[in-house]
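Asks: Counting with this note's numbering, you get residues 271 to 704 for the letters of the sequence shown.
Every residue, glycine too, gets a C-beta built ideally from N, C-alpha and C.
My structure is below; once you've seen it, I'll send some questions.
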Amino acid sequence: MHAAERMAGTSAGGSMSSSSPALHRRWRVVAAASVGNALEWFDFVVYGFFAVTMARLFFPAGNETISILLALLTFGVPFFMRPLGAIVLGSFADRHGRKAAFTLTIVVMMIGTAIIAVTPTYATAGVLAPMLVLLARILQGFSAGGEFGSATALLAEQNPERRGFYSSWQFASQGLTTILATTFGVVMGSTLTAEQVDAWGWRVPFVFGLLIGPVAYYMRRHVDETTEFLSSKPSGSPLRQAFADSKLRLLIAFGAVVLCTVSTYTILFMPTFATRQLGLPVSGSFFAGLVTGAIQLTLVPIVGGLTDRWGRLPTGFVSAALILLLVYPLFAWLAAEPTLWTLLSVQMIIGVLTACYLGGLPALMAELFPTQMRTTGLAISYSFGVAIFGGFAPFINEWLIAVTHNKLAPSFYLILAAAISLTALGAARRIGLR
(Lines of atoms letter the chains of each structure in order from A and count residues from 1; the text may use other names and numbers.)
(Lines give C-alpha, C1' and ligand atoms only; values in the text may rest on other atoms or scores of the structure.)
Protein backbone atom coordinates (compact mmCIF):
# COMPACT_ATOMS: atom_id res chain seq x y z
CA MET A 1 0.00 0.00 0.00
CA HIS A 2 2.82 2.36 0.88
CA ALA A 3 4.50 1.56 -2.43
CA ALA A 4 1.33 2.20 -4.38
CA GLU A 5 0.97 5.65 -2.90
CA ARG A 6 4.65 6.45 -3.45
CA MET A 7 4.38 5.35 -7.08
CA ALA A 8 1.58 7.85 -7.57
CA GLY A 9 4.12 10.66 -7.29
CA THR A 10 6.28 12.15 -4.59
CA SER A 11 5.76 15.78 -3.74
CA ALA A 12 7.28 16.64 -0.38
CA GLY A 13 7.15 14.59 2.74
CA GLY A 14 3.62 15.17 4.03
CA SER A 15 2.19 11.96 2.67
CA MET A 16 5.42 10.06 3.22
CA SER A 17 5.04 10.64 6.94
CA SER A 18 1.44 9.40 6.95
CA SER A 19 0.95 6.70 9.54
CA SER A 20 0.22 3.17 8.48
CA PRO A 21 -3.30 3.25 10.02
CA ALA A 22 -4.05 6.39 7.98
CA LEU A 23 -2.89 4.65 4.80
CA HIS A 24 -5.02 1.62 5.60
CA ARG A 25 -8.07 3.85 6.12
CA ARG A 26 -7.46 5.56 2.79
CA TRP A 27 -7.14 2.29 0.95
CA ARG A 28 -10.32 0.99 2.58
CA VAL A 29 -12.06 4.03 1.14
CA VAL A 30 -10.50 3.39 -2.28
CA ALA A 31 -11.66 -0.24 -2.15
CA ALA A 32 -15.17 0.65 -0.99
CA ALA A 33 -15.50 3.42 -3.56
CA SER A 34 -14.05 1.34 -6.39
CA VAL A 35 -16.05 -1.84 -5.79
CA GLY A 36 -19.28 0.00 -5.06
CA ASN A 37 -18.79 2.48 -7.89
CA ALA A 38 -17.92 -0.28 -10.36
CA LEU A 39 -21.05 -2.21 -9.42
CA GLU A 40 -23.24 0.90 -9.53
CA TRP A 41 -22.04 1.76 -13.01
CA PHE A 42 -22.14 -1.89 -14.05
CA ASP A 43 -25.82 -2.04 -13.16
CA PHE A 44 -26.32 1.21 -15.01
CA VAL A 45 -24.39 0.62 -18.25
CA VAL A 46 -24.93 -3.09 -18.85
CA TYR A 47 -28.33 -2.10 -20.20
CA GLY A 48 -26.54 -0.22 -22.98
CA PHE A 49 -24.33 -3.19 -23.80
CA PHE A 50 -27.45 -5.30 -24.35
CA ALA A 51 -29.38 -2.58 -26.20
CA VAL A 52 -30.11 -4.78 -29.23
CA THR A 53 -31.50 -7.58 -27.05
CA MET A 54 -33.52 -5.15 -24.90
CA ALA A 55 -34.95 -3.62 -28.06
CA ARG A 56 -36.26 -6.99 -29.25
CA LEU A 57 -37.69 -8.03 -25.88
CA PHE A 58 -39.15 -4.80 -24.54
CA PHE A 59 -39.62 -2.43 -27.47
CA PRO A 60 -40.93 -4.41 -30.46
CA ALA A 61 -41.88 -1.82 -33.06
CA GLY A 62 -41.93 -3.84 -36.28
CA ASN A 63 -38.78 -2.03 -37.46
CA GLU A 64 -35.33 -2.93 -36.15
CA THR A 65 -33.95 0.62 -36.31
CA ILE A 66 -36.95 2.08 -34.49
CA SER A 67 -36.77 -0.64 -31.83
CA ILE A 68 -33.10 0.07 -31.17
CA LEU A 69 -33.70 3.80 -31.08
CA LEU A 70 -36.46 3.25 -28.50
CA ALA A 71 -34.15 1.08 -26.39
CA LEU A 72 -31.36 3.64 -26.58
CA LEU A 73 -33.83 6.41 -25.80
CA THR A 74 -34.80 4.53 -22.64
CA PHE A 75 -31.09 4.26 -21.88
CA GLY A 76 -30.90 8.06 -22.08
CA VAL A 77 -34.12 9.02 -20.28
CA PRO A 78 -32.81 8.34 -16.75
CA PHE A 79 -30.05 10.84 -17.40
CA PHE A 80 -32.73 13.48 -16.90
CA MET A 81 -33.04 12.13 -13.36
CA ARG A 82 -29.34 12.62 -12.71
CA PRO A 83 -29.62 16.37 -12.05
CA LEU A 84 -32.40 15.73 -9.53
CA GLY A 85 -30.30 13.04 -7.85
CA ALA A 86 -27.31 15.41 -7.89
CA ILE A 87 -29.27 18.22 -6.26
CA VAL A 88 -30.90 16.06 -3.59
CA LEU A 89 -28.01 13.73 -2.77
CA GLY A 90 -25.26 16.31 -3.31
CA SER A 91 -26.86 18.73 -0.84
CA PHE A 92 -27.47 15.82 1.53
CA ALA A 93 -23.78 14.87 1.42
CA ASP A 94 -22.60 18.43 2.07
CA ARG A 95 -24.91 18.73 5.07
CA HIS A 96 -24.72 15.24 6.58
CA GLY A 97 -21.49 13.76 5.26
CA ARG A 98 -20.03 12.00 2.22
CA LYS A 99 -20.39 8.57 3.83
CA ALA A 100 -24.17 8.82 4.34
CA ALA A 101 -24.84 9.74 0.70
CA PHE A 102 -22.16 7.31 -0.46
CA THR A 103 -24.11 4.47 1.20
CA LEU A 104 -27.58 5.59 0.15
CA THR A 105 -26.78 5.69 -3.56
CA ILE A 106 -25.98 2.00 -3.76
CA VAL A 107 -29.27 1.04 -2.05
CA VAL A 108 -31.30 2.97 -4.64
CA MET A 109 -29.26 1.47 -7.48
CA MET A 110 -29.88 -2.05 -6.19
CA ILE A 111 -33.66 -1.46 -6.16
CA GLY A 112 -33.57 -0.37 -9.80
CA THR A 113 -31.43 -3.35 -10.77
CA ALA A 114 -33.78 -5.76 -8.98
CA ILE A 115 -36.74 -4.44 -10.99
CA ILE A 116 -34.97 -5.02 -14.31
CA ALA A 117 -33.78 -8.48 -13.25
CA VAL A 118 -37.32 -9.75 -12.61
CA THR A 119 -39.39 -7.76 -15.12
CA PRO A 120 -41.22 -9.96 -17.67
CA THR A 121 -40.77 -9.16 -21.35
CA TYR A 122 -43.26 -7.39 -23.61
CA ALA A 123 -44.50 -10.73 -24.95
CA THR A 124 -45.60 -11.69 -21.42
CA ALA A 125 -46.62 -8.42 -19.77
CA GLY A 126 -47.39 -6.14 -22.68
CA VAL A 127 -46.92 -2.40 -22.17
CA LEU A 128 -46.26 -2.94 -18.45
CA ALA A 129 -42.85 -4.41 -19.32
CA PRO A 130 -41.28 -1.27 -20.88
CA MET A 131 -42.93 0.87 -18.17
CA LEU A 132 -41.22 -1.16 -15.43
CA VAL A 133 -37.90 -0.95 -17.25
CA LEU A 134 -38.32 2.81 -17.51
CA LEU A 135 -39.09 3.05 -13.77
CA ALA A 136 -35.99 1.02 -12.95
CA ARG A 137 -33.84 3.21 -15.18
CA ILE A 138 -35.21 6.34 -13.50
CA LEU A 139 -34.23 5.00 -10.08
CA GLN A 140 -30.78 4.13 -11.41
CA GLY A 141 -30.46 7.63 -12.86
CA PHE A 142 -31.36 9.24 -9.53
CA SER A 143 -28.77 7.10 -7.75
CA ALA A 144 -26.07 7.78 -10.33
CA GLY A 145 -26.73 11.52 -10.00
CA GLY A 146 -25.50 11.40 -6.41
CA GLU A 147 -22.85 8.72 -6.80
CA PHE A 148 -20.23 10.77 -8.62
CA GLY A 149 -20.30 13.71 -6.24
CA SER A 150 -20.27 11.76 -2.98
CA ALA A 151 -17.69 9.18 -4.10
CA THR A 152 -15.38 11.76 -5.71
CA ALA A 153 -15.52 14.09 -2.71
CA LEU A 154 -14.78 11.19 -0.36
CA LEU A 155 -11.81 10.11 -2.46
CA ALA A 156 -10.50 13.63 -3.10
CA GLU A 157 -10.48 14.43 0.62
CA GLN A 158 -8.35 11.45 1.65
CA ASN A 159 -5.06 13.31 1.19
CA PRO A 160 -4.85 16.80 -0.38
CA GLU A 161 -1.24 16.16 -1.47
CA ARG A 162 -2.36 13.05 -3.36
CA ARG A 163 -5.73 14.34 -4.49
CA GLY A 164 -5.09 13.44 -8.11
CA PHE A 165 -4.17 9.85 -7.32
CA TYR A 166 -6.96 9.09 -4.87
CA SER A 167 -9.76 10.83 -6.77
CA SER A 168 -8.69 9.17 -10.03
CA TRP A 169 -10.10 5.90 -8.70
CA GLN A 170 -13.53 7.33 -9.46
CA PHE A 171 -12.87 6.81 -13.18
CA ALA A 172 -10.50 3.87 -12.79
CA SER A 173 -13.32 1.93 -11.16
CA GLN A 174 -15.51 2.75 -14.13
CA GLY A 175 -12.89 0.91 -16.16
CA LEU A 176 -13.60 -2.07 -13.91
CA THR A 177 -17.25 -1.59 -14.85
CA THR A 178 -16.37 -1.89 -18.52
CA ILE A 179 -14.34 -5.03 -17.82
CA LEU A 180 -17.23 -6.64 -15.94
CA ALA A 181 -19.87 -5.69 -18.50
CA THR A 182 -17.81 -6.64 -21.56
CA THR A 183 -16.70 -9.90 -19.92
CA PHE A 184 -20.34 -10.84 -19.68
CA GLY A 185 -20.75 -9.84 -23.30
CA VAL A 186 -17.75 -11.91 -24.45
CA VAL A 187 -18.74 -15.01 -22.46
CA MET A 188 -22.41 -14.86 -23.35
CA GLY A 189 -21.74 -13.99 -26.99
CA SER A 190 -19.40 -16.97 -27.37
CA THR A 191 -21.25 -19.58 -25.28
CA LEU A 192 -24.96 -18.82 -25.65
CA THR A 193 -27.14 -18.85 -28.72
CA ALA A 194 -29.21 -15.80 -29.60
CA GLU A 195 -32.28 -17.69 -28.43
CA GLN A 196 -30.70 -18.42 -25.05
CA VAL A 197 -29.67 -14.79 -24.60
CA ASP A 198 -33.22 -13.67 -25.39
CA ALA A 199 -34.79 -16.31 -23.15
CA TRP A 200 -32.73 -15.83 -19.98
CA GLY A 201 -29.11 -14.88 -20.66
CA TRP A 202 -29.69 -11.12 -20.66
CA ARG A 203 -30.86 -11.31 -17.03
CA VAL A 204 -27.61 -12.85 -15.76
CA PRO A 205 -25.58 -9.59 -15.53
CA PHE A 206 -28.38 -7.87 -13.62
CA VAL A 207 -28.66 -10.78 -11.17
CA PHE A 208 -24.88 -10.68 -10.72
CA GLY A 209 -24.99 -6.99 -9.83
CA LEU A 210 -27.86 -7.62 -7.45
CA LEU A 211 -26.03 -10.42 -5.64
CA ILE A 212 -22.76 -8.49 -5.22
CA GLY A 213 -24.52 -5.30 -4.14
CA PRO A 214 -24.75 -6.24 -0.41
CA VAL A 215 -20.95 -6.68 -0.31
CA ALA A 216 -20.43 -3.16 -1.63
CA TYR A 217 -23.03 -1.84 0.81
CA TYR A 218 -21.23 -3.47 3.74
CA MET A 219 -17.88 -1.99 2.64
CA ARG A 220 -19.35 1.49 2.37
CA ARG A 221 -21.01 1.29 5.76
CA HIS A 222 -17.60 0.70 7.36
CA VAL A 223 -15.52 3.56 5.95
CA ASP A 224 -14.67 6.69 7.93
CA GLU A 225 -15.96 10.17 7.20
CA THR A 226 -13.25 12.48 5.84
CA THR A 227 -11.28 14.72 8.17
CA GLU A 228 -11.65 17.58 5.71
CA PHE A 229 -15.45 17.42 5.95
CA LEU A 230 -15.50 16.94 9.74
CA SER A 231 -13.19 19.93 10.27
CA SER A 232 -15.28 22.26 8.10
CA LYS A 233 -18.49 24.06 8.99
CA PRO A 234 -21.31 22.62 6.86
CA SER A 235 -23.14 25.07 4.63
CA GLY A 236 -26.76 25.71 5.50
CA SER A 237 -27.62 25.75 1.81
CA PRO A 238 -24.89 24.27 -0.40
CA LEU A 239 -27.16 24.40 -3.46
CA ARG A 240 -27.78 28.13 -3.10
CA GLN A 241 -24.09 28.71 -2.41
CA ALA A 242 -23.13 26.80 -5.57
CA PHE A 243 -25.35 28.87 -7.85
CA ALA A 244 -24.78 32.18 -6.06
CA ASP A 245 -21.01 32.09 -5.61
CA SER A 246 -19.64 29.51 -8.04
CA LYS A 247 -21.52 29.85 -11.33
CA LEU A 248 -18.35 30.19 -13.40
CA ARG A 249 -16.76 27.21 -11.66
CA LEU A 250 -19.87 25.12 -12.25
CA LEU A 251 -19.71 26.02 -15.95
CA ILE A 252 -16.00 25.13 -16.14
CA ALA A 253 -16.58 21.77 -14.46
CA PHE A 254 -19.60 21.15 -16.70
CA GLY A 255 -17.57 21.90 -19.82
CA ALA A 256 -14.69 19.70 -18.69
CA VAL A 257 -17.11 16.79 -18.22
CA VAL A 258 -18.41 16.93 -21.81
CA LEU A 259 -15.49 15.10 -23.44
CA CYS A 260 -15.31 12.68 -20.52
CA THR A 261 -18.93 11.60 -20.90
CA VAL A 262 -19.15 11.61 -24.69
CA SER A 263 -16.00 9.50 -25.09
CA THR A 264 -17.12 7.09 -22.35
CA TYR A 265 -20.56 6.52 -23.85
CA THR A 266 -19.20 6.37 -27.38
CA ILE A 267 -17.05 3.46 -26.20
CA LEU A 268 -20.20 1.97 -24.69
CA PHE A 269 -21.91 2.37 -28.07
CA MET A 270 -19.14 0.60 -29.98
CA PRO A 271 -20.45 -2.99 -29.65
CA THR A 272 -23.76 -1.89 -31.21
CA PHE A 273 -21.85 0.09 -33.86
CA ALA A 274 -19.52 -2.80 -34.64
CA THR A 275 -22.28 -5.37 -35.07
CA ARG A 276 -24.83 -3.19 -36.91
CA GLN A 277 -22.61 -0.97 -39.04
CA LEU A 278 -19.51 -3.11 -39.58
CA GLY A 279 -21.00 -6.61 -39.45
CA LEU A 280 -18.49 -7.79 -36.87
CA PRO A 281 -19.25 -10.65 -34.44
CA VAL A 282 -20.67 -9.73 -31.06
CA SER A 283 -17.98 -11.52 -29.04
CA GLY A 284 -15.17 -9.69 -30.85
CA SER A 285 -16.71 -6.27 -30.37
CA PHE A 286 -17.17 -6.94 -26.66
CA PHE A 287 -13.53 -8.08 -26.42
CA ALA A 288 -12.42 -4.70 -27.78
CA GLY A 289 -14.44 -3.03 -25.03
CA LEU A 290 -12.85 -5.34 -22.47
CA VAL A 291 -9.37 -4.19 -23.51
CA THR A 292 -10.49 -0.56 -23.31
CA GLY A 293 -11.73 -1.10 -19.76
CA ALA A 294 -8.43 -2.69 -18.76
CA ILE A 295 -6.55 0.31 -20.15
CA GLN A 296 -8.74 2.68 -18.15
CA LEU A 297 -8.40 0.70 -14.93
CA THR A 298 -4.59 0.59 -15.26
CA LEU A 299 -3.74 3.97 -16.74
CA VAL A 300 -6.13 6.39 -15.00
CA PRO A 301 -4.54 6.09 -11.50
CA ILE A 302 -1.05 6.44 -12.99
CA VAL A 303 -2.04 9.64 -14.78
CA GLY A 304 -3.90 10.84 -11.69
CA GLY A 305 -0.75 10.40 -9.63
CA LEU A 306 1.34 12.25 -12.20
CA THR A 307 -1.02 15.22 -12.07
CA ASP A 308 -0.11 15.63 -8.40
CA ARG A 309 3.37 16.54 -9.63
CA TRP A 310 2.67 18.15 -13.01
CA GLY A 311 -0.74 19.75 -12.46
CA ARG A 312 -4.16 18.77 -13.76
CA LEU A 313 -4.30 20.79 -16.96
CA PRO A 314 -1.30 19.65 -19.09
CA THR A 315 -2.47 16.05 -19.57
CA GLY A 316 -6.05 17.25 -20.06
CA PHE A 317 -5.06 19.71 -22.79
CA VAL A 318 -2.86 17.24 -24.66
CA SER A 319 -5.27 14.31 -24.56
CA ALA A 320 -8.31 16.42 -25.53
CA ALA A 321 -6.38 17.99 -28.43
CA LEU A 322 -5.28 14.56 -29.68
CA ILE A 323 -8.85 13.25 -29.55
CA LEU A 324 -9.97 16.30 -31.52
CA LEU A 325 -7.35 15.67 -34.21
CA LEU A 326 -7.34 11.87 -34.40
CA VAL A 327 -10.91 10.65 -33.92
CA TYR A 328 -12.08 11.30 -37.51
CA PRO A 329 -9.09 9.54 -39.13
CA LEU A 330 -9.55 6.63 -36.70
CA PHE A 331 -13.21 6.14 -37.62
CA ALA A 332 -12.33 6.52 -41.31
CA TRP A 333 -9.75 3.74 -40.95
CA LEU A 334 -12.26 1.56 -39.12
CA ALA A 335 -14.93 2.08 -41.80
CA ALA A 336 -12.43 1.36 -44.60
CA GLU A 337 -11.05 -1.78 -42.91
CA PRO A 338 -13.84 -3.21 -40.72
CA THR A 339 -11.92 -6.01 -39.03
CA LEU A 340 -11.68 -7.05 -35.40
CA TRP A 341 -8.02 -6.00 -35.37
CA THR A 342 -8.88 -2.51 -36.63
CA LEU A 343 -11.71 -2.20 -34.11
CA LEU A 344 -9.39 -3.28 -31.30
CA SER A 345 -6.69 -0.82 -32.42
CA VAL A 346 -9.12 2.10 -32.71
CA GLN A 347 -10.70 1.42 -29.31
CA MET A 348 -7.25 1.03 -27.70
CA ILE A 349 -6.10 4.41 -29.02
CA ILE A 350 -9.32 6.14 -27.97
CA GLY A 351 -9.14 4.30 -24.65
CA VAL A 352 -5.58 5.51 -23.92
CA LEU A 353 -6.42 9.12 -24.82
CA THR A 354 -9.63 9.01 -22.78
CA ALA A 355 -7.79 7.52 -19.78
CA CYS A 356 -5.21 10.31 -19.94
CA TYR A 357 -8.00 12.88 -19.96
CA LEU A 358 -9.83 11.22 -17.07
CA GLY A 359 -6.77 10.85 -14.83
CA GLY A 360 -6.70 14.41 -13.49
CA LEU A 361 -10.33 15.36 -14.10
CA PRO A 362 -11.85 14.42 -10.70
CA ALA A 363 -9.16 16.32 -8.80
CA LEU A 364 -9.50 19.31 -11.12
CA MET A 365 -13.25 19.39 -10.48
CA ALA A 366 -12.85 18.87 -6.72
CA GLU A 367 -10.41 21.76 -6.50
CA LEU A 368 -12.88 24.07 -8.18
CA PHE A 369 -15.20 23.97 -5.14
CA PRO A 370 -14.75 24.62 -1.38
CA THR A 371 -15.35 21.76 1.04
CA GLN A 372 -18.72 23.11 2.23
CA MET A 373 -20.28 22.70 -1.22
CA ARG A 374 -17.85 20.33 -2.92
CA THR A 375 -20.21 17.38 -3.33
CA THR A 376 -23.00 19.63 -4.61
CA GLY A 377 -20.71 21.31 -7.13
CA LEU A 378 -19.26 18.00 -8.30
CA ALA A 379 -22.63 16.30 -8.56
CA ILE A 380 -24.42 19.11 -10.38
CA SER A 381 -21.71 19.84 -12.94
CA TYR A 382 -21.15 16.16 -13.68
CA SER A 383 -24.81 15.13 -13.80
CA PHE A 384 -25.85 17.99 -16.08
CA GLY A 385 -22.88 17.32 -18.36
CA VAL A 386 -23.73 13.64 -18.59
CA ALA A 387 -27.48 14.28 -18.92
CA ILE A 388 -27.10 16.74 -21.78
CA PHE A 389 -24.17 15.25 -23.67
CA GLY A 390 -23.48 11.70 -22.52
CA GLY A 391 -26.68 9.82 -21.81
CA PHE A 392 -28.03 10.30 -25.30
CA ALA A 393 -24.66 9.77 -27.01
CA PRO A 394 -25.58 6.22 -28.18
CA PHE A 395 -28.96 7.49 -29.40
CA ILE A 396 -27.40 10.54 -31.09
CA ASN A 397 -24.71 8.41 -32.76
CA GLU A 398 -27.28 5.94 -34.09
CA TRP A 399 -29.51 8.81 -35.24
CA LEU A 400 -26.62 10.63 -36.94
CA ILE A 401 -25.68 7.49 -38.85
CA ALA A 402 -29.30 6.93 -39.93
CA VAL A 403 -29.76 10.55 -41.05
CA THR A 404 -26.40 11.11 -42.74
CA HIS A 405 -25.89 7.53 -43.98
CA ASN A 406 -22.30 8.07 -42.87
CA LYS A 407 -20.55 5.52 -40.64
CA LEU A 408 -18.10 8.20 -39.52
CA ALA A 409 -20.86 10.24 -37.83
CA PRO A 410 -19.92 9.25 -34.24
CA SER A 411 -16.59 11.01 -34.73
CA PHE A 412 -18.38 14.32 -35.34
CA TYR A 413 -19.91 14.22 -31.88
CA LEU A 414 -16.56 13.44 -30.27
CA ILE A 415 -14.93 16.35 -32.10
CA LEU A 416 -17.59 18.72 -30.78
CA ALA A 417 -17.12 17.38 -27.25
CA ALA A 418 -13.33 17.81 -27.41
CA ALA A 419 -13.70 21.41 -28.58
CA ILE A 420 -16.06 22.25 -25.69
CA SER A 421 -13.81 20.67 -23.07
CA LEU A 422 -10.69 22.37 -24.42
CA THR A 423 -12.50 25.68 -24.01
CA ALA A 424 -13.39 24.79 -20.43
CA LEU A 425 -9.78 23.84 -19.62
CA GLY A 426 -8.66 27.19 -20.99
CA ALA A 427 -11.11 28.95 -18.66
CA ALA A 428 -9.81 26.85 -15.73
CA ARG A 429 -6.30 28.07 -16.43
CA ARG A 430 -7.49 31.68 -16.51
CA ILE A 431 -8.93 31.43 -12.99
CA GLY A 432 -5.65 30.06 -11.64
CA LEU A 433 -5.98 26.28 -11.73
CA ARG A 434 -2.92 24.41 -12.86
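Nearest-angstrom Cα distance between F587 and R700?
Replies: Roughly 14 angstroms between the two C-alpha positions.
Asks: In whole angstroms, what separates the C-alpha of L293 from that of N429?
Replies: Looking at the two C-alpha atoms, the distance is approximately 10 angstroms.
Asks: Please report how far the alpha carbon of A672 lies from the alpha carbon of P541, in whole angstroms.
Replies: Computed Cα separation, rounded: 17 angstroms.
Asks: Give the single residue among D578, S651, F557 and S505 whose Cα lies nearest to the Cα of T609.
Replies: Minimum Cα distance to T609 is reached at F557.
Asks: DSSP state of K517, grouped into three classes?
Replies: Helix, per DSSP.
Asks: Is the beta carbon of P571 less than 8 angstroms from the beta carbon of A442?
Replies: In contact: P571 and A442 (Cβ atoms closer than 8 angstroms).
Asks: Alpha carbons only, please: which of Y535, F639, W297 and G581 is nearest the one belonging to G419?
Replies: Comparing Cα positions, the closest option is F639.
Asks: So, under 8 angstroms CB-CB, L567 and G445 are touching, yes? Tell me the CB distance rounded to an integer number of Å.
Replies: L567 to G445, Cβ: 3 angstroms. Contact.
Asks: If you follow the alpha helix (DSSP H) that K369 is part of, which residue opens it and which one closes it?
Replies: R368 to V388 is the extent of the alpha helix (DSSP H) around K369.
Asks: Roughly how many angstroms lie between the CA atoms of L703 and S460, to the nearest whole one?
Replies: So the alpha carbons of these two residues sit roughly 48 angstroms apart.
Asks: Measure the alpha-carbon distance for P584 versus L359 and round it to whole angstroms.
Replies: Roughly 32 angstroms between the two C-alpha positions.
Asks: What does the alpha-carbon distance come out to for the pair T641 and A423?
Replies: Cα to Cα, T641 sits roughly 9 angstroms from A423.
Asks: Between A633 and T577, which are expected to be in contact by the criterion C-beta below 8 angstroms, what is the C-beta distance as a whole number of angstroms?
Replies: About 6 angstroms; that satisfies the 8 angstroms criterion.
Asks: Output yes or no for whether 8 angstroms exceeds the beta carbon distance between T646 and A512.
Replies: The answer is yes: Cβ separation under 8 angstroms.
Asks: Taking the alpha-carbon of D494 as reference, which of W297, I565 and A698 has the nearest alpha-carbon?
Replies: When only C-alpha atoms are compared, the closest one is W297.
Asks: For S691 and G411, I'd like the C-alpha separation in whole angstroms.
Replies: Distance between the alpha carbons of S691 and G411: 23 angstroms.
Asks: Kindly indicate which residue of G455, S681 and A694 has the alpha-carbon position closest to the one of R473.
Replies: Of G455, S681 and A694, the residue nearest in Cα terms is G455.
Asks: Excluding the five sequence neighbours on either side, which residues of its own chain have a C-beta within less than 6 angstroms of the C-beta of R519, listed in chain order?
Replies: Only L638 meet the Cβ criterion.
Asks: The alpha helix (DSSP H) with A614 in it runs from where to where?
Replies: Note that residue 614 is Leu in the sequence shown, not Ala. Where L614 is concerned, the enclosing alpha helix (DSSP H) stretches over L610 to G629.
Asks: Taking all protein chains shown into account, do 16 or more other C-beta atoms lie within 10 angstroms of the C-beta of Y488, making it buried, or fewer, making it exposed?
Replies: By the 10 Å Cβ count, Y488 comes out exposed.
Asks: Measuring CB atoms only, is the stretch 654-661 touching the stretch 369-385, in the sense that at least three cross pairs come out at less than 8 angstroms?
Replies: Flag = no, the stretch 654-661 and the stretch 369-385 do not touch.
Asks: By DSSP, does S443 sit in helix, in strand, or in coil?
Replies: Three-state DSSP puts S443 in a helix.
Asks: Distance, Cα to Cα, L784 vs L548?
Replies: It is not possible to answer for residue 784, since the shown part of the chain is limited to 271 through 704.
Asks: Which residues in the same chain as A274 place their Cβ atom closer than 7 angstroms to its Cβ, once the five residues preceding and following it in sequence are excluded?
Replies: With a pLDDT of 45 at A274, under the threshold of 50, the modelled position of that residue is not reliable, and no figure is offered here.
Asks: Jot down the residue ranges of each uninterrupted alpha helix (DSSP H) in the stretch 468-493, minimum 4 residues, whole runs only, in chain order.
Replies: Runs found: 474-491.
Asks: Taking a contact to mean a Cβ-Cβ separation below 8 angstroms, would you say T447 touches L560 in this structure?
Replies: It is not a contact, given that the beta carbons lie outside the stated cut-off.
Asks: Relative to the C-alpha of M705, which residue among T373, G471, G416 and R295 is closest?
Replies: There is no way to answer for residue 705, as the model of the chain reaches only from 271 to 704.
Asks: When DSSP labels each residue in this structure, what does L560 get in the three-state scheme?
Replies: It is helical.
Asks: Which class does G411 belong to by DSSP, given the choice of helix, strand or coil?
Replies: G411: helix per DSSP, three-state reduction.
Asks: Closest to Y317 by C-alpha separation, out of G355, A393, P353 and R407, would be which residue?
Replies: Answer by Cα proximity: R407.
Asks: Would you identify the three-state DSSP class for P551, choosing helix, strand or coil?
Replies: DSSP places P551 in coil when its eight states are reduced to three.
Asks: Hey, A564 and S555 are a contact pair by Cβ (cut 8 angstroms); roughly how many whole angstroms apart?
Replies: The pair is not a contact, with the Cβ atoms about 16 angstroms apart (cut-off 8 angstroms).
Asks: Could you work out which residue in C530, N676 and I619 is closest to A605 when comparing CA atoms only?
Replies: Out of C530, N676 and I619, N676 has the C-alpha closest to the C-alpha of A605.
Asks: Rounded to whole angstroms, what's the CA-CA distance from K369 to G655? Just pull it up for me.
Replies: Cα to Cα, K369 sits roughly 24 angstroms from G655.
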